[in-house]
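Read through the structure below, which is laid out as structure tokens, and then see the notes.
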Amino acid sequence: MRAWLLLAGAEFTMLRRSAFTLAMGAVLPLALGGLILWAEADTGRAGPGTAAGLLLVTLVTLTAYVSGTTTLASRRQQNVLRRWRGSGASDPAILAAALTPPAVLTLAQVLLLSVALDLRGVRPGPLLLAVLAGIVAACALAALTAAFTSAPELAQLTTTPIALAFLGGAFWVARTPPAEVGWAMTLLPGAAITQLTRIAWEVPGTDGSLVAVALLLVTAVAAVAAATRVFVWDLRR
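Reminder that position 105 of the sequence shown reads as 122 in the working numbering, one-by-one numbering, no gaps.
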């Protein structure tokens with residue numbers, strides 16, 4: 018725990034020194050999230066629960082996943098991860114420390130945009146699970162994707178398949194009647210997150226919060242296990 022806190026603090030310091038990275042990681046997801054909220058307020062077609070799900074998946078995908086992958090690829094290129102590994106910290110602690118700023122930034126974005134949502138009568142349990150499990154799964158997948166991303170510039174390419182799975186799953190659930198969303202659909206992380214937000218807003222016909230959370234956590238555990246086995250800490254080797 019102490020090693021993770023120290024390394025995460027160092028990562029926050031490096032992030033503050035990169036104004037462009039911080040701006041891109043914060044401004045673009047917030048802009049797209051605001052666009053989703055504006056569209057829902059203008060049309061009302063999706064409903065608040067589904068709109069909240071699309072908003073959350075957008076933030077998780079762009080900030081926790083894409084920015085997290087870029088961060089790990091960048092720190093490896095700068096030999097930061099190799100130096101951290103020499104500190105005696107465990108591999109999972111190093112990955113978690115590097116991904117802590119994207120995770121915290123995602124949470125801050127969710128809190129900022131939540132003021133525009135009507136949270137009256139919302140069940141806090143499923144909503145909190147959607148946020149936390151979604152961020153954990155996205156960061157775990159970022160660690161796995163970074164294992165196959167040799168340079169930060171390539172992150173836009175390597176993150177595309179999983180980013181599409183996040184966003185595609187969210188829109189798939191959004192267009193499916195709540196009662197027809199089965200566990201197989203929630204194998205896609207974006208679908209599971211969106212279904213959890215619909216449960217939080219008590220959309221008629223929604224069910225299966227435990228299944229959705231379990232699938233997100235299984236995704237996270239599997240991604241971390243795979244990442245620690247295949248991650249290349251030094252590109253010169």
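Glycine included, every Cβ here is placed at the ideal spot set by N, Cα and C.
Using CA coordinates, which residue listed in Leu227, Val132, Ser91, Ala157 is at the minimum distance from Gly199?
Leu227
CA-to-CA distance, Gly207 to Leu76, given in whole angstroms:
Each residue's Cα considered, the two are about 11 angstroms apart.
Mapping the DSSP letters down to three states, classify Pro195 as helix, strand or coil.
helix
Compute the distance between the beta-carbons of Ala172 and Ala48, then report whether it is under 8 angstroms.
no
Can you tell me whether Ser84 is buried or exposed? The criterion is at least 16 other CB atoms within 10 Å of its CB, across all chains shown.
buried
Which of the three DSSP states, helix, strand or coil, is assigned to Trp101?
helix
Closest residue to Val148 among Leu234, Gly105, Thr30 (Cα-Cα distance)
Of the candidates Leu234, Gly105, Thr30, Leu234 places its Cα closest to the Cα of Val148.
So, using beta-carbon positions, are Ala217 and Arg140 closer together than 8 angstroms?
yes
Does the structure place the region 130 to 138 close enough to the region 103 to 111 that three or more beta carbon pairs sit under 8 angstroms?
no
Counting pairs of Cβ atoms below 8 angstroms between the region 114 to 130 and the region 182 to 195, do you hit three or more?
no
DSSP-derived helix/strand/coil call for Thr88
Three-state result, Thr88: helix.
Look at the Cβ atom of Phe183, then the Cβ atom of Tyr82, and state whether they are nearer than 8 angstroms.
In contact: Phe183 and Tyr82 (Cβ atoms closer than 8 angstroms).
Look at the alpha carbon of Asp251 and the alpha carbon of Arg19, and state the distance between them as a whole number of angstroms.
Distance from the CA atom of Asp251 to the CA atom of Arg19, rounded to whole angstroms, is 24 angstroms.
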